[in-house]
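Just so you know, the protein sequences line up as chains U and E, in that order. Take 1 as the starting number for the first sequence in my numbering and just add one per residue. Take 372 as the starting number for the second sequence in my numbering and just add one per residue. Even glycine gets a Cβ: it sits at the ideal position worked out from N, Cα and C. The next block holds one structure in the form of structure tokens; read it before the comments.
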Amino acid sequence: MKITFPHMGNIYIPLKTLFENLGFEVIPPPPCTKRTLELGVANSPEFACLPLKINVGNFIEAFEKGADTIVMAGGIGPCRFGYYGQVQREILKDLGFNFNMIILEPPQGHFFELLKKINFIINKKNNSIKDIIKAATLAWKKAVLLDKLDVEICKLRAIEITKGQSDGLYNYNLQRIIEINDEKEMSAYEVEMLKSFSSIPVNNDKKPIKIGIVGEIYTILEPFVNLDIEKQLGELGTEVYRNIYITDWVRENLLPSFLKPKDYKKMLDLSRPFINCFIGGHGQESIAQIVNFSKMGFDGVIHLLPFTCMPEIVAKSAIPKVSQKYSIPVMTIVLDEHSAETGFRTRLEAFIDMIYHNKEGKDFARVCTWN
Amino acid sequence: MYIGIPRALFYYKYYPFWKNFFESLGYKVVLSSPTNKEIVKKGIELCVDDACLPIKVFHGHVADLIGKTDAIYIPRIISIEPKEYICPKFLGLPDMIRNSIPNLPYVIDPELNLYRGKNKILNHILQISEFLNVSKRKAFVAYNKSLRIQRQFDSQLVEKQMIPQDALYNNQEISSNNSHIKNSNNLKVLLLGHNYNIYDDFISMGLIRKLQKQNINFITSEMVTKKIILEGTKKLEKDMFWTLGKQTIGTAYYFLDRKKVDGIIHVASFGCGPDSLVGELIEKRTKRDYNIPFLYLNLDEHAAETGFNTRLEAFLDVLEGRKYFEDNISTYG
Chain U
1 MKITFPHMGN IYIPLKTLFE NLGFEVIPPP PCTKRTLELG VANSPEFACL PLKINVGNFI
61 EAFEKGADTI VMAGGIGPCR FGYYGQVQRE ILKDLGFNFN MIILEPPQGH FFELLKKINF
121 IINKKNNSIK DIIKAATLAW KKAVLLDKLD VEICKLRAIE ITKGQSDGLY NYNLQRIIEI
181 NDEKEMSAYE VEMLKSFSSI PVNNDKKPIK IGIVGEIYTI LEPFVNLDIE KQLGELGTEV
241 YRNIYITDWV RENLLPSFLK PKDYKKMLDL SRPFINCFIG GHGQESIAQI VNFSKMGFDG
301 VIHLLPFTCM PEIVAKSAIP KVSQKYSIPV MTIVLDEHSA ETGFRTRLEA FIDMIYHNKE
361 GKDFARVCTW N
Chain E
372 MYIGIPRALF YYKYYPFWKN FFESLGYKVV LSSPTNKEIV KKGIELCVDD ACLPIKVFHG
432 HVADLIGKTD AIYIPRIISI EPKEYICPKF LGLPDMIRNS IPNLPYVIDP ELNLYRGKNK
492 ILNHILQISE FLNVSKRKAF VAYNKSLRIQ RQFDSQLVEK QMIPQDALYN NQEISSNNSH
552 IKNSNNLKVL LLGHNYNIYD DFISMGLIRK LQKQNINFIT SEMVTKKIIL EGTKKLEKDM
612 FWTLGKQTIG TAYYFLDRKK VDGIIHVASF GCGPDSLVGE LIEKRTKRDY NIPFLYLNLD
672 EHAAETGFNT RLEAFLDVLE GRKYFEDNIS TYG
């Protein structure tokens with residue numbers, strides 16, 4: 001049994017650790033490339049959303065490397081993601097692959113089924129509960145570390161003196177996190193990693209503008225899909241925060257409701273009166289986070305969604321009013337297989353120029369456009 | 372006081388209930404005009420551009436009602452069957468309308484959420500009574516009465532195989548679909564798609580009219596019993612959480628299995644989330660296991676009627692050919 005799973009940003013690192021420590025062979029798909037996309041687009045329904053297509057590409061490439069078991073998450077709707085696994089299975093079957101697909105559905109009346117499936121995975125290797133907890137803790141720690149790395153690098157990128165230095169540091173640290181496979185070593189490494197950030201010479205006088213990124217989770221987390229938006233914005237000299245990191249997603253979506261962070265509910269309430277109820281996916285959250293970012297003094301927000309994403313379309317309809325009420329500029333970017341980097345970059349540059357212009361206007365009270 | 376109901380989306384499913392409910396509470400019900408070019412144009416202007424055609428058309432219908440009524444009824448339809456949803460855009464519909472259309476009259480947007488059980492419909496009724504400031508008792512009396520009428524309407528669709536418009540206006544004679552059923556020699560087509568697309572004469576470019584004119588028998592998922600749909604969905608490995616998607620796929624699987632239809636027409640709107648997956652599942656299955664022609668019609672505001680007609684005619688020709696000449700034609704010409 002060689003396990004594989006779809007890519008979503010860096011989530012493959014903790015997942016790989018988890019399964020490997022449970023004693024399985026793991027073959028993560030190769031990083032998303034143009035070929036992944038092309039394979040996915042050629043074999044998926046035309047109007048399916050982009051994540052489904054890329055997943056299909058991931059699976060095909062993983063099969064080529066020898067994987068034979070897919071672990072995939074499920075859902076209960078109304079977002080399409082909950083039915084991804086079923087459709088992907090049919091597509092891959094039609095392509096003639098021979099494989100096993102384990103879809104982990106969230107407990108909803110079928111709690112036993114979930115337990116049975118987890119049991120099925122775990123029991124194959126006779127793990128004791130202690131082993132399982134150990135594997136899970138290590139994976140979780142890796143996820144936490146990865147998030148810290150992401151946040152810090154995004155800050156550094158905006159103010160580094162030699163361009164590209166922080167990216168080098170990022171890749172080095174990423175590699176280290178992948179390699180480490182022991183809890184103690186991990187804790188020691190955390191200190192080392194935090195220290196390494198200060199080794200990069202920065203321009204402390206620079207006050208970069210702050211941009212928040214909200215929207216659909218896959219497009220936020222997967223750099224191939226969002227054309228590396230964090231890096232691009234960093235190169236343009238802005239500090240970037242996402243509204244969602246890997247650990248947040250686990251906390252908010254996989255934990256039972258009584259364990260969820262308390263601020264989460266409060267934060268969702270910010271979406272009123274524009275969006276008054278759960279609309280599936282991260283639609284309501286996107287709106288709430290725009291308000292949140294504005295309250296935290298951010299200069300602008302970029303809203304990402306894959307083409308035809310249903311919850312985010314509803315959110316998009318509310319954005320003009322939110323943006324007006326909280327006076328924060330918001331730009332929506334729809335991503336699909338036809339997104340091109342040049343046009344994308346131009347839009348980002350224009351957006352940032354507009355924010356700078358806005359700021360100047362505020363500072364000098366009145367700016368003549370013709371002098 | 373006048374209450375406006377947009378002639379779009381679930382108008383085709385629940386209008387008898389809504390009309391009778393508000394009328395027995397003493398209100399007058401105003402419908403928007405049937406979908407026309409003007410309404411579609413207005414809807415496209417007002418609505419966020421990524422939305423699907425039926426949502427845009429709904430915006431147009433709401434805009435059409437402005438100035439004609441004192442209030443507009445736009446329920447937030449979260450779920451109409453336990454453990455199922457409609458679609459995220461239905462969940463956020465009142466929000467979308469409020470955010471996109473200026474100068475709205477009073478909007479009645481009670482929540483209809485049967486996710487945790489059918490009896491939650493009472494919450495919906497209670498909420499309406501609060502919106503309208505009528506006594507709970509009066510509302511429940513009206514509810515009971517309207518429920519009966521709605522059930523009558525539903526059973527009419529199934530038993531007499533009528534389309535909603537005919538059942539709504541009691542056009543017993545015009546419902547020519549009726550008479551075709553007797554003639555079992557006619558081609559039988561399974562017409563799949565959301566009710567608000569296929570029954571809207573403008574959106575579907577008169578698809579039903581055209582089929583009737585060609586003497587084609589057609590079945591839609593509104594014309595079959597719940598039992599049939601459940602029977603069909605048994606084949607799914609995972610229960611589907613979209614009510615309309617489940618209806619579509621259940622009907623399709625049932626009739627495919629029993630080889631009772633000559634062809635399948637699937638009508639979907641451009642950018643419809645659930646249908647992009649449901650359609651794929653049906654199409655894959657039809658191709659893999661059954662030898663039945665499948666026509667996928669994708670509708671949006673740019674669809675042109677000529678191309679639409681050509682495709683439909685070609686498809687019907689194929690069906691005809693298969694029925695009568697399949698065994699006689701030599702492949703060598």
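- Across the segment 197–217 of chain U, no CB contact with chain E closer than 8 Å is found for any residue.
- Taking a cut-off of 8 Å on C-beta distances, the segment 502–512 of chain E does not touch the segment 523–541 of chain E, as fewer than three cross pairs fall below it.
- Residues are counted here when their Cβ sits less than 7 Å from a Cβ of chain E; for the segment 45–70 of chain U these are 45, 47, 48, given in chain order.
- Our two residues, residue 426 of chain E and residue 579 of chain E, have alpha carbons roughly 21 Å apart in a direct line.
- If you ignore the 5 residues before and after residue 513 of chain E, its C-beta comes within less than 6 Å of the C-beta of 392, 395, 396, all in its own chain and listed in chain order.
- In the DSSP assignment, residue 665 of chain E falls outside any alpha helix (DSSP H) and within the unbroken beta strand (DSSP E) covering 665–670.
- For the segment 591–611 of chain E, the beta-carbon criterion of a distance under 9 Å to any beta-carbon of chain U is satisfied by 607, 608, 609, 611.
- By the criterion of a C-beta distance shorter than 7 Å, residue 216 of chain U is surrounded in its chain by 281, 282, 304, 305, 306, 309, 312, once the five residues flanking it on both sides are discounted.
- Within the same chain, 637, 639, 667 come within 7 Å of residue 650 of chain E by CB-CB distance, once the 5 residues on both sides are set aside.
- Beta-bridge partners assigned by DSSP to residue 689 of chain E: none are found.
- At a C-beta separation below 8 Å, residue 624 of chain E has no neighbours in chain U, since its nearest C-beta there lies roughly 13 Å away.
- From the beta-carbon of residue 86 of chain U, the residues of chain E found nearer than 7 Å are 608, 609.
- Inter-segment contact for the segment 62–78 of chain U and the segment 671–678 of chain E is absent: fewer than three beta-carbon pairs are separated by less than 8 Å.
- By DSSP's assignment, residue 613 of chain E forms a beta bridge with E:456.
- If you check the CB distance, residue 214 of chain U and residue 128 of chain U do not come in under 8 Å.
- At the C-beta level, residue 563 of chain E and residue 622 of chain E come within 8 Å of one another.
- The beta carbons of residue 4 of chain U and residue 30 of chain U sit no closer together than 8 Å.
- Between the alpha carbons of residue 631 of chain E and residue 488 of chain E lies a distance of about 34 Å.
- When C-beta distances to chain U are compared with 8 Å, every residue of the segment 505–523 of chain E stays at or above that value.
- Identification of chain U residues near residue 470 of chain E by a Cβ-Cβ cut-off of 8 Å yields 274, 317, 318, 320, 321, ordered along the chain.
- Taking C-alpha positions only, residue 46 of chain U is separated from residue 625 of chain E by approximately 25 Å.
- In the three-state reduction of the DSSP assignment, residue 487 of chain E falls in the coil class, being assigned neither a helical nor a strand state.
- For chain U, the residues of the segment 642–653 of chain E that bring a beta carbon within less than 9 Å of one of its beta carbons are 642, 643, 644, 645, 646, 647, 648, 649, 650, 651, 652, in chain order.
- Between the alpha carbons of residue 331 of chain U and residue 222 of chain U lies a gap of roughly 19 Å.
- Contact check for residue 468 of chain E against residue 495 of chain E fails: the beta carbons are separated by 8 Å or more.
- Fully enclosed beta strand (DSSP E) runs of no fewer than 3 residues occupy 238–242 of the segment 215–248 of chain U, in order along the chain.
- The beta carbon of residue 294 of chain U lies closer than 8 Å to those of 301, 326, 327, 328 in the same chain, with the five residues before and after it left out.
- In the three-state reduction of the DSSP assignment, residue 419 of chain E falls in the coil class.
- A Cβ-Cβ separation of about 23 Å leaves residue 78 of chain U out of contact with residue 389 of chain E under the 8 Å criterion.
- Here residue 457 of chain E is not near residue 485 of chain E, since their CB atoms are 8 Å or more apart.
- For secondary structure counted as the beta strand (DSSP E) over 3 or more consecutive residues, the segment 460–538 of chain E holds these complete runs in sequence order: 477–479, 482–484.
- 419, 421, 422: these are the residues of the segment 404–422 of chain E whose beta carbon lies less than 7 Å from some beta carbon of chain U, given in chain order.
- The Cβ atoms of residue 86 of chain U and residue 56 of chain U lie no closer than 8 Å to each other.
- The beta carbon of residue 72 of chain U sits closer than 6 Å to the beta carbons of 85, 103 from its chain, once the five residues preceding and following it are set aside; these are given in chain order.
- Inter-segment contact for the segment 193–203 of chain U and the segment 168–176 of chain U is present: three or more beta-carbon pairs are separated by less than 8 Å.
- In summary, the residues of the segment 331–363 of chain U whose CB is separated from some CB of chain E by less than 8 Å are 334, in the order they occur in the chain.
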